[in-house]
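J.: Heads up: the sequence lines are chains A and B, in that order. Counting in our numbering, the first sequence runs from 28 upward without gaps. Counting in our numbering, the second sequence runs from 28 upward without gaps.
Number of protein chains: 2
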Amino acid sequence: MDRQPSASGTTTRSERKRQAIIQAAGEVFLRHGYLGATTDEVAARASVSKQTLYKHFADKEHLYAEVILDASAGVLDVLSSATASTLQDAQDVRKALRALAGSFLSTLLQPDYVRLRRLVIAEADRFPEVGTAWFEGPFDRALVILGEAMQRLADRGLLRNLSDPTRAAYQFAGLVMYQPMNQVMFAGTGAIPPAGQLNRIADSAVDMFLATYGQENRPRADPADGS
Amino acid sequence: MDRQPSASGTTTRSERKRQAIIQAAGEVFLRHGYLGATTDEVAARASVSKQTLYKHFADKEHLYAEVILDASAGVLDVLSSATASTLQDAQDVRKALRALAGSFLSTLLQPDYVRLRRLVIAEADRFPEVGTAWFEGPFDRALVILGEAMQRLADRGLLRNLSDPTRAAYQFAGLVMYQPMNQVMFAGTGAIPPAGQLNRIADSAVDMFLATYGQENRPRADPADGS
């Protein structure tokens, strides 16, 4: 959720205030939800006047949209960096995918991210354009980038059968994230499955992914060994 | 979301009122969210007095919990029936799993279900016990039931490698549901992917599942053909 100010070079005083308001608003929205949040509390927390707040953001709706878009850019940065750093020069595709699965789990199950995700979902019918921006932004875009990285692995002869790289990326993410993400979304931010279970989910996700897309000719005899 | 009254035999007048209140409350919570819902509106919509409402439900919190638990029992019924009817006597496991994927998609992407799911997620930090009941109820329980059905297919020689049937069930659900469910959760209840895309997702989910758990010795040459 940290993000460099978009102004190039020096950070102006106005831009610093804008960032302080966005930061404060993120905390207030996460704590109280959209309906419960007030611009009074945001201004107080950011140590700016209401006048300054409204100079930067026309109203609570615009502030909400900016908070979510700002955060979504941050999440996309983290996911695309993790994808690049694990897959770009990979020699051992199994090891690389397993590392990426670990990065996805540790990034996406963080309590602040889970709360943010829950907020966007809660408000998706009230603010469909913000929800759509989130889906097309960090969510879909991260998986398109993952698909492109998978395609480069295929070009290097490390994966096969990749007729639809974005779908392969969604399959990988679905295998890794479906159970733990739903668990934290429903059962509360703290309900992260224990590390041993996450490791088994990630191991078997990579096994299953490579049984279809790997260059090894056949799946291993027992893809879920160790359980 | 329809559910038979729990009283055996005849439906009493009191039980009918209770059901009418739950039905009305579900509509009010889905429309306004937890914070925006009032027991006044629920009572009016159910055509009962506030006194009658409070005779059945101590307060808005208890009413919310009952609405979600009632709905979750309904969802579990639908999913477990779909699992039983498609897999129980299956001869062609590919065809059966493909039919089940279609049932999951058509059941779980219905707007009312999506709104309900969004409500439970929105309120998961306020009511962790309700969110947990939802996760352990229709969500996890449906997948345990699916895993058991998969185990019976393995016992009949139609699947293999099933060392952890529940995990296999989660993998199947993740492959089928991850993309479309996230799309509707974020981009709005109406953002269901087009039928052609859902069909390709379901087809390739079954291909991928069977590449690991099927009795065919190897995955098909192109698991994503037709795209």
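All C-beta atoms in this analysis are idealised placements derived from N, C-alpha and C, irrespective of residue type, glycine included.
May I have the straight-line CA-CA distance separating residue 101 of chain A from residue 47 of chain A, to the nearest angstrom?
T.: The residue labelled residue 101 of chain A in the question sits at position 74 within the first sequence. The residue labelled residue 47 of chain A in the question sits at position 20 within the first sequence. One C-alpha to the other measures close to 16 Å.
J.: Comparing C-alpha positions only, which one of A/63, A/82, A/66 and A/62 sits nearest to residue 42 of chain A?
T.: What you label residue 42 of chain A is simply residue 15 of the first sequence in a count that begins at 1. Considering only alpha carbons, the answer is A/82.
J.: Among residues of its own chain, excluding the 5 on either side of residue 75 of chain A, which ones have a beta-carbon nearer than 8 Å to its beta-carbon?
T.: Position 48 of the first sequence holds residue 75 of chain A. Closer than 8 Å at Cβ, skipping near neighbours: 44, 47 and 48.
J.: Identify which residue in A/232, A/80, A/56 and A/86 has its Cα closest to the Cα of residue 191 of chain B.
T.: What you label residue 191 of chain B is simply residue 164 of the second sequence in a count that begins at 1. Nearest option by C-alpha distance: A/232.
J.: Helix, strand or coil, according to DSSP, for residue 189 of chain A in the structure here?
T.: The residue you call residue 189 of chain A lines up with position 162 of the first sequence. Correct three-state label for residue 189 of chain A: coil.
J.: To the nearest angstrom, how far is it from the Cα of residue 153 of chain B to the Cα of residue 178 of chain B?
T.: Residue numbering aside, residue 153 of chain B sits at position 126 when the second sequence is read from its first letter. Residue numbering aside, residue 178 of chain B sits at position 151 when the second sequence is read from its first letter. C-alpha separation (whole angstroms): 37 Å.
J.: Measuring CA to CA, which of A/227, A/71, A/168 and A/57 is closest to residue 203 of chain A?
T.: Within the first sequence, the letter at position 176 stands for residue 203 of chain A. Nearest of A/227, A/71, A/168 and A/57 to residue 203 of chain A, Cα basis: A/227.
J.: Taking DSSP as the reference, what is the three-state secondary structure of residue 164 of chain B?
T.: Reading the second sequence from its first residue, position 137 is the one you call residue 164 of chain B. Helix at residue 164 of chain B.
J.: Pick from B/200, B/66, B/127 and B/162: whose alpha carbon is nearest that of residue 98 of chain B?
T.: As a position in the second sequence, residue 98 of chain B is number 71, starting the count at 1. Per the Cα distances, B/162.
J.: Pick helix, strand or coil for residue 215 of chain B, following the three-state DSSP scheme.
T.: As a position in the second sequence, residue 215 of chain B is number 188, starting the count at 1. Three-state DSSP puts residue 215 of chain B in coil, outside helix and strand.
J.: Taking the alpha-carbon of residue 80 of chain B as reference, which of B/155, B/50, B/63 and B/222 has the nearest alpha-carbon?
T.: As a first step, residue 80 of chain B must be located in the second sequence, where it is residue number 53. Cα-wise, what sits closest to residue 80 of chain B is B/50.
J.: Taking CB distances under 8 Å as the criterion, tell me whether residue 275 of chain A reaches chain B.
T.: Past the edges of chain A, shown from 28 to 254, lies residue 275 of chain A, and the structure says nothing about it.
J.: Looking only at DSSP bridge pairs, what is residue 241 of chain B linked to?
T.: The residue given as residue 241 of chain B occupies position 214 in the second sequence. For residue 241 of chain B, which the question treats as bridged, DSSP gives the partners B/186.
J.: Helix, strand or coil, according to DSSP, for residue 75 of chain B in the structure here?
T.: Position 48 of the second sequence, counted from the start, is the residue given in the question as residue 75 of chain B. Of the three classes helix, strand and coil, the one that applies to residue 75 of chain B here is coil, per DSSP.
J.: Strictly below 7 Å CB to CB, what residues from chain B border residue 171 of chain A?
T.: Taking the first residue of the first sequence as position 1, residue 171 of chain A is located at position 144. The premise fails here: residue 171 of chain A is roughly 12 Å from chain B at the closest Cβ pair, so nothing lies under 7 Å.
J.: Suppose contacts are defined by Cβ-Cβ distances below 8 Å. Is residue 110 of chain A in contact with residue 188 of chain A by that definition?
T.: As a position in the first sequence, residue 110 of chain A is number 83, starting the count at 1. As a position in the first sequence, residue 188 of chain A is number 161, starting the count at 1. No. Outside cutoff.
J.: Below 7 Å between beta carbons is the criterion; list the residues of the region 165–195 of chain A that meet it against any residue of chain B, in chain order.
T.: Per Cβ criterion, the list reads 166, 188, 190, 191 and 194.
J.: For residue 150 of chain A, I'd like the list of residues in its chain whose CB is within less than 6 Å of its CB, leaving aside the five on either flank, ordered along the chain.
T.: By one-based count along the first sequence, residue 150 of chain A stands at place 123. So the list reads 61, once near-sequence residues are dropped.
J.: So which residues on chain A does residue 95 of chain B lean against when the C-beta distance must stay under 9 Å?
T.: The sequence position of residue 95 of chain B within the second sequence is 68, counting from 1. Result: empty, since nearest Cβ-Cβ is about 10 Å, beyond 9 Å.
J.: For residue 67 of chain B, which of helix, strand or coil comes out of DSSP?
T.: As a working note, residue 67 of chain B is residue 40 in the second sequence. In this structure, residue 67 of chain B counts as helix in the three-state DSSP scheme.
J.: Give me, in chain order, the residues of the same chain whose beta-carbon lies closer than 8 Å to that of residue 250 of chain B; leave out the 5 immediate sequence neighbours on both sides.
T.: Within the second sequence, numbered from 1, the residue matching residue 250 of chain B stands at position 223. Low per-residue confidence applies at residue 250 of chain B: pLDDT is 46, beneath 50, and the placement is therefore not dependable enough to give any value.
J.: Please decide whether residue 221 of chain A counts as near chain B, where near means a Cβ-Cβ distance under 8 Å.
T.: Here residue 221 of chain A is taken as the residue at index 194 of the first sequence, counted from 1. No - not a single Cβ of chain B is within 8 Å of the one on residue 221 of chain A.
J.: Among A/104, A/95 and A/168, which one has its Cα closest to the Cα of residue 157 of chain A?
T.: Within the first sequence, residue 157 of chain A is the residue found at index 130, counting from 1. The shortest Cα separation from residue 157 of chain A among A/104, A/95 and A/168 belongs to A/95.
J.: Using beta-carbon positions only, say whether residue 127 of chain B and residue 219 of chain B come within less than 8 Å of one another.
T.: Taking the first residue of the second sequence as position 1, residue 127 of chain B is located at position 100. Taking the first residue of the second sequence as position 1, residue 219 of chain B is located at position 192. Taking 8 Å as the Cβ cut-off, residue 127 of chain B and residue 219 of chain B do not qualify as a contacting pair.
J.: Along the chain, where does the alpha helix (DSSP H) that runs through residue 88 of chain A open and close?
T.: Sequence index remark: in the first sequence, residue 88 of chain A carries index 61 (1-based). 87–114 is the extent of the alpha helix (DSSP H) around residue 88 of chain A.
J.: Would you call residue 70 of chain B buried or exposed, if buried means 16 or more other Cβ atoms sit within 10 Å of its Cβ?
T.: What you label residue 70 of chain B is simply residue 43 of the second sequence in a count that begins at 1. By the neighbour-count rule (16 or more Cβ atoms within 10 Å), residue 70 of chain B is buried.
J.: Answer with yes or no whether the minimum CB distance from residue 238 of chain A to chain B is below 8 Å.
T.: Within the first sequence, the letter at position 211 stands for residue 238 of chain A. Chain B contact via Cβ: present.
J.: If we define contact as Cβ-Cβ less than 8 Å, is residue 158 of chain A a contact residue for chain B?
T.: Taking the first residue of the first sequence as position 1, residue 158 of chain A is located at position 131. At least one chain B Cβ lies under 8 Å of residue 158 of chain A.
J.: Please classify residue 10 of chain A as buried or exposed, where buried requires at least 16 other C-beta atoms within 10 Å of its C-beta.
T.: In the structure as shown, chain A begins at 28 and stops at 254. Residue 10 of chain A is therefore absent and cannot be evaluated.
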